[in-house]
Structures are given as C-alpha cells and as structure tokens.
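Colleague: Numbering (my numbering), first residue to last: 1 to 266. The C-beta atom is built at its ideal place from N, Cα and C for all residues, glycine as well. No experiment lies behind these values; they were computed from the predicted model shown.
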Ligand SMILES: C[S@@+](CC[C@H](N)C(=O)[O-])C[C@H]1O[C@@H](n2cnc3c(N)ncnc32)[C@H](O)[C@@H]1O
C-alpha cells in the first residue's frame, strides 16, 4: 500500500500541483448546496474543506493513510467533515452521495474495478463522480527523465532494478472510460490534457516529494531491502536532475499529462 504517512506533515504545503489540478474537478462537478459529497483519497483534507464551503450536505473524506487523516482531523475536524481511515476498496455506502470527488488518488488504487463498483453503489441516481489523476506512461516527462538517471547511476541502479511501479497509468482516455462503463457508470467527459507550469528546481523537487516519492521510496514496492544510503543517493540524483533540467532563468518547465473524467450514475 502507498505510504503517505511520512510526507503528511509537508503534504498540504507542497501539493501545489494536485491543488491546482483539483480546480477543474470543481468545475466539472458543479457541487450544489445540499449535495452529499465523498472525497475519495482525501489526503490531509484541505480539498475536503473547499468542498465543505460549497454544500451544507454531508462531506466525508476517506484515505488509508493514518498520517494524512490525523492531519485532516487536526486541521479541519471543526468543519463538520467526517474523515475515515480506510482504503477506497473498502467503501461500504449505498445510495448516499450526489458527488464523488477523487483528486490525484485514482492512480494509487490497488483494485480499481472493485473501487468503481463500490462507487457506483455509493452514488445516488444521477449522482456524479469525477477523477483527476496523472496519466500515460509518460505522466511527467521531467520525473521520468530524473528516474532514468536513477536507473543508470552506479549507486542506485541495482536497487532500483528491484522496484515495481504501484501506479495505474493508462495511455488513452478511452481506456479510462472503459473502466467506468464496465462498473455501470456513464462517462460524460474523458480527456487527457497536457499541463505545463514553471517552477524553481527546488519547487520541482518538493512536488516530486509530495506524491511520486511515496511510491519510488516505499519499501513495499521493492523486492530487496531499501537502505538509507539508497534513499539518500536517490534523492540527490532527483534534485540534481531538476537542477540540470532548469533553463537559464532557473525555472523548470514541469509537464504533467492528466486524465479528467466525469461519469454519471444513470
Ligand atoms: C497525492 S494524494 C492526494 C490527496 C488529495 N486528494 C489531494 O488532492 O490533495 C493521494 C492520496 O491517495 C491516498 N490513497 C492511496 N491509496 C489509496 C486507496 N487504495 N484508497 C484511497 N486512497 C488511497 C493516499 O493515502 C494519499 O493521501
């Protein structure tokens, strides 16, 4: 399972990319006052709080990371939001929500088909679900370039060869749509967009640390022991790569390919 516990204390500040990507989900879902909303893979709850501002209905945030939910409760428990620590695969709601909001979490699901079936059951008739997630094998060319260097470097290549990616990255919007349709949801919009923003090398590194490192630096996804020395070398190589990727202005053009999908329970 992904491990966001370690980064939960920095997550809210450093997850600038996830936060800006969530704005399109708000547009797609058009939450109405009175809607019951599930924030699936809610992390530290700062987006659940923005959802709360749009509705008087129930707002529920679900995430398997105890660290993330601890931060969510610390910061937003006074806002009438219910946070639960469990996997999306363990959802157990029936006809409860008008909206399921899923920002930057879909790629982490272990059993996507099971999650989508449970979401279909959790939604009310005409209820809507939208996801935003990094997509395609080239989901962030800058991260991929940095990882290529990890793969080649003497100090990291052997251990990295024992890493298996935990993520689901499909290459076309039709493939994402097929998953939702198979679960009984009707897809209204599905597209993979390319988004590029400029950041200092240090910011690019923090963005990497706010999500990708929970996979790349997680013992669960290696079949040999990951040492402290490996983690240190890995981080140094990534930092150096972002410095090398910076232009004369000192800025890195950070590109993400993202799936934006809206589905409805008919
Ligand atoms: C990049 S964070 C996104 C958090 C938040 N939605 C946001 O936009 O800031 C990804 C979240 O997905 C959660 N996650 C990982 N596997 C999950 C699963 N199987 N079910 C639900 N959430 C999961 C992680 O714990 C993490 O908090």
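For residue 92, count the other beta carbons within 10 Å of its own beta carbon; 16 or more makes it buried, fewer makes it exposed. Which is it?
Modeller: Residue 92 comes out exposed.
Colleague: With a threshold of 8 Å, establish whether the CB of residue 206 neighbours any heavy atom of ligand 1.
Modeller: No, Cβ of residue 206 sits at least 8 Å from all heavy atoms of ligand 1.
Colleague: Comparing C-alpha positions only, which one of 194, 158, 159 sits nearest to residue 171?
Modeller: Residue 194 is the option with its Cα nearest to residue 171.
Colleague: Please state if the CB of residue 105 and the CB of residue 158 are separated by a distance shorter than 9 Å.
Modeller: Against a cut-off of 9 Å, the Cβ pair of residue 105 and residue 158 comes out as no contact.
Colleague: Which of helix, strand or coil does DSSP assign to residue 61?
Modeller: Residue 61: strand per DSSP, three-state reduction.
Colleague: Take residue 256 as the anchor and find which of 47, 136, 41 has the nearest alpha-carbon.
Modeller: Nearest option by C-alpha distance: 136.
Colleague: Confirm, please, whether the CB-CB distance from residue 97 to residue 45 is below 9 Å.
Modeller: In this structure, residue 97 does not lie closer than 9 Å to residue 45 by Cβ.
Colleague: Find the nearest neighbour of residue 34 within the set 113, 243, 227, 127, judged by alpha-carbon distance.
Modeller: Answer by Cα proximity: 127.
Colleague: Would you report the Cα separation of residue 217 and residue 205, rounded to the nearest angstrom?
Modeller: For residue 217 and residue 205, the distance between alpha carbons rounds to 14 Å.
Colleague: Looking at the secondary structure, which residues open and close the alpha helix (DSSP H) in which residue 141 lies?
Modeller: That run of the alpha helix (DSSP H) goes 141 to 152.
Colleague: Have a look at residue 163 and residue 17 and give me their C-alpha separation to the nearest angstrom.
Modeller: Straight-line Cα distance between these residues: approximately 25 Å.
Colleague: Quick check on residue 65: buried or exposed, where buried means 16 or more other Cβ atoms within 10 Å of its Cβ?
Modeller: Per the 10 Å Cβ criterion, buried.
Colleague: Could you please give the first and the last residue of the uninterrupted beta strand (DSSP E) stretch that includes residue 97?
Modeller: Its beta strand (DSSP E) spans residues 97 to 103.
Colleague: Flag residue 174 as yes when its Cβ comes closer than 8 Å to any non-hydrogen atom of ligand 1, and as no otherwise.
Modeller: Residue 174 Cβ: outside cutoff for every heavy atom of ligand 1.
Colleague: For residue 10, is the beta carbon positioned less than 8 Å from some heavy atom of ligand 1?
Modeller: No; taking the cut-off as 8 Å, the Cβ of residue 10 has no heavy atom of ligand 1 nearer than that.
Colleague: To the nearest angstrom, how far is it from the Cα of residue 288 to the Cα of residue 119?
Modeller: The structure shown does not extend to residue 288, since the chain is modelled only from 1 through 266, so no value can be given for it.
Colleague: Do the segment 25 to 40 and the segment 4 to 15 meet, that is, are 3 or more Cβ pairs less than 8 Å apart?
Modeller: With a cut-off of 8 Å, the segment 4 to 15 and the segment 25 to 40 do not count as touching, because too few Cβ pairs lie within range.
Colleague: Let me know the secondary structure DSSP gives residue 195 once reduced to three states.
Modeller: Of the three classes helix, strand and coil, the one that applies to residue 195 here is strand, per DSSP.
Colleague: Which whole-angstrom value describes the C-beta separation of residue 258 and residue 132, a residue pair presumed to lie in contact below a C-beta threshold of 8 Å?
Modeller: Rounded, the Cβ-Cβ distance is 6 Å, consistent with contact.
Colleague: Taking 6 Å as the limit between beta carbons, can you name the residues of its chain near residue 129, skipping five residues before and five after?
Modeller: Closer than 6 Å at Cβ, skipping near neighbours: 100, 119, 263.
Colleague: Going by C-alpha to C-alpha distance, which of 38, 252, 183 sits closest to residue 241?
Modeller: Out of 38, 252, 183, 252 has the C-alpha closest to the C-alpha of residue 241.
Colleague: Taking a contact to mean a Cβ-Cβ separation below 9 Å, would you say residue 146 touches residue 200 in this structure?
Modeller: The answer is no: Cβ separation not under 9 Å.
Colleague: Near residue 196, which residues of its chain fall below 6 Å by C-beta distance, leaving aside the five closest residues on each side in sequence?
Modeller: The answer, listed in chain order, is 253, 255.
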